[in-house]
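*Asks:*
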Amino acid sequence: MLRLLVGRLAAAVPLMFAVATLVFFLAQANSSDPAGSILGLDATEDAIDAKRAELGIDQPLLSQYGDWLVDAVQGDLGTNWFTGEEITTELFDRIPVTLGLAFGGLLLAVVIGCSLGVLAALKAGRWQDRVITVIASLGIAMPSFWIALLLAYYFAIELRWLPAVWPPGGPDGIGEWVEALVLPSVALGVAASAAIARQTRSAMIGVLQRDYVRTALAKGLPVRRVVGRHAIRNAAIPVVTLIGFQVAALLGGSLFVELIFNIPGLGSYGVDAIFRGNVPALLGFVMVIAFVVVLVNIALDLSYAWLNPKVRVRG
Amino acid sequence: MSMSTRQRVQARLTRNKVAMVGGVYLLVVVIVALLAPLLAPHDENLATRFQDILFSPSSEYWLGTDHVGRDIASRLMFGARYALFAGAEAVVVALAIGVPLGLLIGYFRGWVDAVVMRIVETVVAVPAIVMAMAIIAGLGVGLTKAMLAVGIVYSMVITRLTRAEVFAAREELYVDGAIAAGASSIRVMFRHVLPNVAPALIVQTTLLFAQAILAEAGLSFLGIGAGSDQASWGRMLRDAQLSIDRTIWPAIPPGLAVFSTVVAFNVFGDGLRDAFAREARGGRIGVGDVQRREARPIDNEGVPVQDAGGSSASDPVLTVRGLSVAFPRLGTDDDVEVVSGIDLDVGRGEVVALVGESGSGKSITALSILGLVPDPGQASASSIMLDGSELVEMPFEQLSRIRGTDIGVIFQEPFAALNPAHTVGRQVAEPLRYHLGMSRAAARARTIELLAEVGIPDPESRIDAYPHEFSGGMAQRVVAAMALACGPKLLIADEPTTALDVTVQGQLLDLIGDLARRRSMSVLLITHDLGVVADLADRVAVMYAGQVVETGCLEDVFASPQHPYTEGLIRAIPRNVSRSGDLPTIPGLVPSPWEWPDHCHFADRCEHVTQECRSGAVALTPSATGMSRCVRAEELALKGVREEAS
Amino acid sequence: MSLLEVSDLSVVFPGGRGTLPWQRLPNVRAVQGANLSIRASESVGLVGESGSGKTTLGRAILRLLHPTEGTIRLGDFDVTGFGRRTPRAYRKAVQVVFQDPVGSLNPAMTVRDIVAEPLRLNMGLQDEALDERSAELMGLVGLEAHHLDRYPYEFSGGQRQRIAIARALATTPELLVLDEPVSALDVSTQSQVINLLERLQRETDAAYLFIAHDLAVVRHVCQRIAVMYHSRIVETGPADAICDDPAHPYTALLIASIPDPDPAVQREKTSRRRALGRGVAGATGAPPVDACPFAARCPHVMDICHTSFPTPIATAAGGEVACHLHTTGPMLGGRPLSELDPDTDEA
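Chains as they are written, first to last, in my numbering: chain A, 1 to 315; chain B, 316 to 961; chain C, 962 to 1308.
Dropping the structure here:
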């Protein structure tokens, strides 16, 4: 297990390096001059040149890349061109909110998606299955920001049950924090629930046709035990793979949801960075998101080892 | 009637109502998009009257107006253009990059493959929307550029899919066959691999189109897609957000438009996927859920049951009477019988072999006894008695108890029969714990004894191993230990050695024989291999096309068969003897269940056939050595194994 | 003069990647030092259990993989000396029929396209000549010309195998590699295809390399047999000699393991197979390099068997055997194993 962890971590290093390189050069392709946009229209040539030197963008691209990379490895993602703050610090302040949001959405998605999926598989071909299948196909087609708009309108503006926007000055205490994240999490979790339900259903149906399920029944075990002991664990493998993808999708979705609910998380930071052409901030944002996704996938890889003994032995 | 793959897919797709509704809806969206300038009642970008802000639907404004007084219905129609254009752009870019790249690296592999796959992994490690934003940061904002970015991100998905499909297709024997036939790499790739990869790509393209429409809406909503003068659905949602504190209405039509179009693409894509699903793969009829279907007593095809299936068993452990199994025939509303009216006895301590070719119904017969016929199948019997208990119409819970304790089963594929996620010890101990209520420690001790009994060396340490750590023969011994756990009266062995190597087969047969003798256990052996029967069985029942055609003692049946099919089988086996002249054969093919005649099922292939054989159903009647389902059994002098050997 | 000459052939598959990026799994020696020759119009059986390397050897001859060491010659072709491209003339001379009649025919092509492919590619036939030859081939394998316009899914297993045989015979090859051509078929169909193969060999004079796990089937089709065990060819010889009086203990075990439908014969075989089999059955793990792979299961095993692989020597029956019993210990010197101890059978 430890070897597996080491192996996955070792494989993550070149991946993160590749992400950094790819995004760095992609983001540089735009030739607009950030110094001008920072200083405004009435800045002098000299002031702009000075700003360019201060930002380091008068250097050749490769040396900029080298400097950035060396700092990034040490955890320093540079200085925000517009706020003058450390990007690492800014991002760290915003990580908990987005992670809370994504975790809320994921929890919802896994609980609802897996239960509906298992139920549909056990009732394959009957009305329960049909209803769940229809709901799931509708669920994956709903844009998260549309759900967020609808939720915000009905539950916050009309019914006033929950806050429509992030409390000014930040939530006070864990209760308010959770309250502020309920609607955004639900908005995020709908599509993921539907996707997980579909995958769980097909994985379960596949597993229920396997010979070892027939063996378990032939051993005289009751259906509940056969499903619980023999089917679910094997059906979980493709579901776990999908959860990996869904974590990425949830983090992507957080961009929209944070915008609608005015949440100061990573997503709104990224959207802001791209609007302003704030290259270092955008880079930092992408790196943090990639880092989270990679970590989650390592955790999921470890769970494969638990689910599938073959992986364990090869490790 | 021969149909090409395309014709078959079309036929099946048109039968799928949901997919067709999706397809028709998409057609409507396309028509609206094309005719938007003609259909739209108002300008999509300018308010007709500036004071008409946030109007509700009316005869003038069918879907009301937005916060600056623009007609929502008109904007919606133009939005279809942007949605389809954006989706098409992203998909075309994705396919143009992904398919050639995937084909190339999938077919030739090597270092190019390694490099490209690292890039793909890198791109997919970042959420698609974030990656698209990074590319947009470089390309600049705007709908065309944004969808180009989305297309580039999706091309990675297409590359990966194409490569994986090519890898799989590359392993197909027909590709090896084409290479051996002299086809060049290019020909193999385009003539043999691509057509078989295409279905997956077509399905994925449909689904990606839906994703791209979502992405367009999302990016336009964020303000980095469609501009303010482009009435895209995402843009409309962005605008609707501005007036959300007053009304939600402007968000409803564009949201529903995105939603319904995406649903339509998805259901159409799912329909395509089902339509492409290849037939003739396995031909197994799927198990829907784990439910038991009640067996119901029926008449035995009007044929009187003369005797207990040719049984000479005075003390039967198992008696089966009038067992039939029917499956719904695919593509029709009819049920078709795959097993019709089986009678079978297994005496105490006796090994009875049920012999037949594939499609004879022998395995389904075994599953019926266990109450485990796969889902759409309907088993019925007038009686199945196991050691004095009637299994027909027994409640599921009670039958479960009998399955676990009184009947043990060994299936054909040991690795498929064992759950890969649990240790063998846990699987063998499971019935001990569940049925006998043993403690964990007692069950473990008993499991070690059982593993030792089936000849697994060093059972104390092997008990904690997983199935994949065993060889095929050893895994089958584990299955045997599991079957024996609760001391069954009857062991059902369904092709127990067919998946094993021939030198391993012998050891397994010895094991089953020894266990049967030592435990005075009855065995119902199901096999196609007459040699295996000769090795193990005391009595034989030969099955052909859903019926038992002959039963009797092993020696008698093989030395002087009383049914032409039995004779044909015995003579057709290539044995280890030198031979001159052709190997005797049974002409023709085993008929499919829906082709079974009302008269003798074997008549069309029988060299002794007469008018009488085709005049009505033939009953299983006593013969010189047992029972035979042949009207001419007495007059024919059929050859057995001895004549053949000499 | 032999048509096919395989000398000292080894095939090693590189091990895959491990869990750690720098980890490599051990290489797999699928075939080691194989020697095999086939004369023109001769049919030779290659018999072995799963994992013995018999299919790999066949694929090397078909140029579906590149051997690691050794040479393959076919007539004037230096097969192992070919570059990246395989000459058309070689493709024309060597054809194949695979085991799985479902997987070996492209589901997206009609039977006509399948049968015509080698004719088009290697014989340059077109239009009417192509149709005529395709119809002729269908007749040859017992199918009809109107079957050409159907798709593979419309045929039964035995019929598909006939189509595969028709395609293989299209170029009138000198050598036909048959990789388990009947083992996926039912008994009644199997005997039909065996008869067809025998008849076709008489009619076309093609040499057969008949790869199978069932020694009894091979005996019916082949004049000579080579027995493979765990990457090595352990014995070769005339079919009748191999099947009636083998010189290698593994061959003896294999023969005793084929079940016979005559209960009396089978009782005798059962006791013989119990005496011949020792230890845990099934070749597992990597084949040894410097040892006899059968040593772990051999009832006659000696110390030397664990330390060196025996050099093959000629047998009295006119074949070769690779077993230390022939050169050390009892010094059988190529005589059948039955001379070792007539009572072994009952031991």
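Even for Gly, the Cβ is constructed at its ideal location relative to N, Cα and C.
Could I get the ranges of all uninterrupted beta strand (DSSP E) runs contained in the region 1177-1205 of chain C, with 3 residues as the minimum, in chain order?
*Replies:* The qualifying runs are 1185-1190 and 1193-1199.
*Asks:* Is the number of C-beta pairs between the region 786-806 of chain B and the region 738-748 of chain B that are closer than 8 Å three or more?
*Replies:* Touching, yes, given that three or more Cβ pairs across the two stretches are closer than 8 Å.
*Asks:* Can you tell which of A:G56, A:G117 and A:P167 has its C-alpha closest to the C-alpha of V134 of chain A?
*Replies:* Here residue 134 of chain A refers to the residue found at position 134 when the first sequence is read from its first residue. Nearest of A:G56, A:G117 and A:P167 to V134 of chain A, Cα basis: A:G117.
*Asks:* Which residues in chain C have a C-beta closer than 8 Å to the C-beta of G883 of chain B? List them in chain order.
*Replies:* Position 568 of the second sequence, counted from the start, is the residue given in the question as residue 883 of chain B. Chain C residues near G883 of chain B: S1149.
*Asks:* Taking the CB atoms as reference points, tell me whether F1059 of chain C and D491 of chain B lie closer together than 9 Å.
*Replies:* On the third sequence, position 98 is the one that residue 1059 of chain C refers to. On the second sequence, position 176 is the one that residue 491 of chain B refers to. For F1059 of chain C and D491 of chain B, yes; Cβs fall inside 9 Å.
*Asks:* Taking 8 Å as the threshold, find out whether the region 558-566 of chain B comes into contact with the region 482-500 of chain B through three or more Cβ pairs.
*Replies:* In short, these stretches do not touch, since the Cβ pair count stays below three.
*Asks:* Output the distance between the C-alpha atoms of T88 of chain A and D76 of chain A, rounded to the nearest integer angstrom.
*Replies:* Position 88 of the first sequence, counting from 1, holds the residue named residue 88 of chain A. Position 76 of the first sequence, counting from 1, holds the residue named residue 76 of chain A. Whole-angstrom Cα-Cα distance: 6 Å.
*Asks:* Counting beta carbon pairs with one atom in the region 876-889 of chain B and one in the region 921-939 of chain B, are three or more of them shorter than 8 Å?
*Replies:* Short answer: they touch.
*Asks:* Taking Cβ-Cβ distances shorter than 8 Å, what residues in chain C pair up with H783 of chain B?
*Replies:* The sequence position of residue 783 of chain B within the second sequence is 468, counting from 1. Correct list: empty, because the minimum Cβ distance to chain C is about 12 Å.
*Asks:* I'd like to know if the region 856-871 of chain B and the region 944-961 of chain B are in contact, where contact means that at least 3 CB-CB pairs between them fall below 8 Å.
*Replies:* Cβ pair count under 8 Å is three or more, so yes.
*Asks:* Taking 9 Å as the CB-CB cut-off, is G7 of chain A touching chain B?
*Replies:* Position 7 of the first sequence holds residue 7 of chain A. Judged by the 9 Å Cβ criterion, G7 of chain A is not in contact with chain B.
*Asks:* With a threshold of 9 Å between beta-carbons, can A1217 of chain C be considered close to chain B, or not?
*Replies:* Taking the third sequence and counting its residues from 1, the one referred to as residue 1217 of chain C is at position 256. Cβ-Cβ to chain B under 9 Å: yes for A1217 of chain C.
*Asks:* Specify the secondary structure class of L503 of chain B as computed by DSSP and reduced to three states.
*Replies:* Here residue 503 of chain B corresponds to residue number 188 of the second sequence, with the count starting at 1. Note that residue 503 of chain B corresponds to Val in the displayed sequence, not to Leu. V503 of chain B: helix per DSSP, three-state reduction.
*Asks:* Are at least three pairs of beta-carbons, each pair with one atom in the region 495-514 of chain B and one in the region 102-122 of chain A, less than 8 Å apart?
*Replies:* Touching, no.
*Asks:* Count the other CB atoms within 10 Å of the CB of G821 of chain B; is the residue buried (16 or more) or exposed (fewer)?
*Replies:* For the purposes of this step, residue 821 of chain B is taken as the residue at position 506 of the second sequence. That one is buried.
*Asks:* Output the residue ranges of the alpha helix (DSSP H) runs that lie fully inside the region 1078-1156 of chain C and measure 4 residues or longer, sorted by chain position.
*Replies:* Segments of the alpha helix (DSSP H) lying fully in the region 1078-1156 of chain C: 1088-1101 and 1118-1130.
*Asks:* To the nearest angstrom, how far is it from the Cα of E45 of chain A to the Cα of V73 of chain A?
*Replies:* Position 45 of the first sequence holds residue 45 of chain A. Position 73 of the first sequence holds residue 73 of chain A. Going from the Cα of E45 of chain A to the Cα of V73 of chain A covers about 34 Å.
*Asks:* With 9 Å as the threshold, decide whether the Cβ of Q556 of chain B is near any Cβ in chain A.
*Replies:* Position 241 of the second sequence, counted from the first residue, corresponds to residue 556 of chain B. Yes - at least one Cβ of chain A is within 9 Å of the one on Q556 of chain B.
*Asks:* Alpha carbons only, please: which of B:S697, B:A814, B:F726 and B:R834 is nearest the one belonging to L765 of chain B?
*Replies:* Walking along the second sequence from the start, residue 765 of chain B turns up at place 450. Checking every option, the nearest Cα to that of L765 of chain B belongs to B:R834.
*Asks:* Apply the 10 Å Cβ neighbour rule to K219 of chain A and answer buried if 16 or more other Cβ atoms are within range, or exposed otherwise.
*Replies:* To locate residue 219 of chain A, count along the first sequence from 1; it is residue 219. Looking at its Cβ environment, which holds 16 or more other Cβ atoms inside 10 Å, K219 of chain A is buried.
*Asks:* Answer with buried or exposed for H916 of chain B, where buried requires no fewer than 16 other C-beta atoms within 10 angstroms of its C-beta.
*Replies:* Translated into positions along the second sequence, residue 916 of chain B becomes position 601. By the neighbour-count rule (16 or more Cβ atoms within 10 Å), H916 of chain B is buried.
*Asks:* Looking at the strands, I want to know which residues DSSP matches up with R990 of chain C.
*Replies:* Start at 1 with the first residue of the third sequence, and residue 990 of chain C comes out as number 29. Paired residues: C:V973.
*Asks:* Would you say Y1112 of chain C and T320 of chain B are within 9 Å of each other, going by their C-beta atoms?
*Replies:* Start at 1 with the first residue of the third sequence, and residue 1112 of chain C comes out as number 151. Start at 1 with the first residue of the second sequence, and residue 320 of chain B comes out as number 5. Result yes, Cβ atoms of Y1112 of chain C and T320 of chain B sit closer than 9 Å.
*Asks:* Let me know the secondary structure DSSP gives Y212 of chain A once reduced to three states.
*Replies:* Taking the first residue of the first sequence as position 1, residue 212 of chain A is located at position 212. Y212 of chain A: helix per DSSP, three-state reduction.
*Asks:* Give me the Cα-Cα distance between T520 of chain B and A449 of chain B, rounded to the nearest whole angstrom.
*Replies:* In the second sequence, residue 520 of chain B corresponds to position 205, counting from 1. In the second sequence, residue 449 of chain B corresponds to position 134, counting from 1. Distance between the alpha carbons of T520 of chain B and A449 of chain B is about 24 Å.
*Asks:* Considering only C-alpha positions, which residue in the set C:G1031, C:A1021, C:R1020 and C:S1004 is nearest to D969 of chain C?
*Replies:* Residue 969 of chain C sits at position 8 when you count from the first residue of the third sequence. It is C:G1031 whose Cα lies nearest to the Cα of D969 of chain C.
*Asks:* For the alpha helix (DSSP H) holding P643 of chain B, just list the boundary residues, first then last.
*Replies:* For the purposes of this step, residue 643 of chain B is identified with residue 328 of the second sequence, where counting begins at 1. Segment P631 to P643 is the beta strand (DSSP E) holding P643 of chain B; no alpha helix (DSSP H) there.
*Asks:* Assign G787 of chain B to buried or exposed, taking buried as 16 or more other Cβ atoms, counted over all protein chains shown, within 10 Å of its Cβ.
*Replies:* For the purposes of this step, residue 787 of chain B is taken as residue 472 along the second sequence, with counting starting at 1. When all chains shown are included, G787 of chain B counts as buried.
*Asks:* What is the DSSP secondary structure of T818 of chain B, counted as helix, strand or coil?
*Replies:* Mapped onto the second sequence, residue 818 of chain B falls at position 503. Note: T818 of chain B maps to helix in three-state DSSP.
*Asks:* Just grab the DSSP bridge partners of V967 of chain C for me.
*Replies:* Within the third sequence, the letter at position 6 stands for residue 967 of chain C. DSSP output for V967 of chain C lists C:L997 and C:I1033 as bridge partner(s).
*Asks:* Are any of the Cβ atoms in chain C nearer than 9 Å to that of S893 of chain B?
*Replies:* The residue labelled residue 893 of chain B in the question sits at position 578 within the second sequence. Yes, S893 of chain B lies at the interface with chain C (some Cβ there is under 9 Å from its Cβ).
*Asks:* Go to S943 of chain B, then tell me how far its beta strand (DSSP E) extends in each direction, as first and last residue.
*Replies:* Locating residue 943 of chain B in the second sequence gives position 628, where the first residue counts as 1. Where S943 of chain B is concerned, the enclosing beta strand (DSSP E) stretches over G941 to S943.
*Asks:* Please return the same chain residues whose Cβ sits closer than 7 Å to the Cβ of M789 of chain B, not counting the five positions on each side in sequence.
*Replies:* Here residue 789 of chain B corresponds to residue number 474 of the second sequence, with the count starting at 1. Counting only Cβ-Cβ distances below 7 Å, and skipping sequence neighbours, we find I771.
*Asks:* May I ask you to report which of helix, strand or coil DSSP gives Q693 of chain B?
*Replies:* Position 378 of the second sequence, counting from 1, holds the residue named residue 693 of chain B. Q693 of chain B falls in the strand class under three-state DSSP.
*Asks:* If you drop the 5 nearest sequence neighbours on each side, which residues of the same chain put their C-beta closer than 6 Å to that of A443 of chain B?
*Replies:* Taking the first residue of the second sequence as 1, we reach residue 443 of chain B at position 128. V468.
*Asks:* Based on the DSSP secondary-structure assignment, which residues constitute the bridge partners of R854 of chain B?
*Replies:* Counting from one through the second sequence, the residue named residue 854 of chain B turns up at place 539. In the DSSP output, where bridge partners are listed per residue, R854 of chain B has B:V667 and B:C868.
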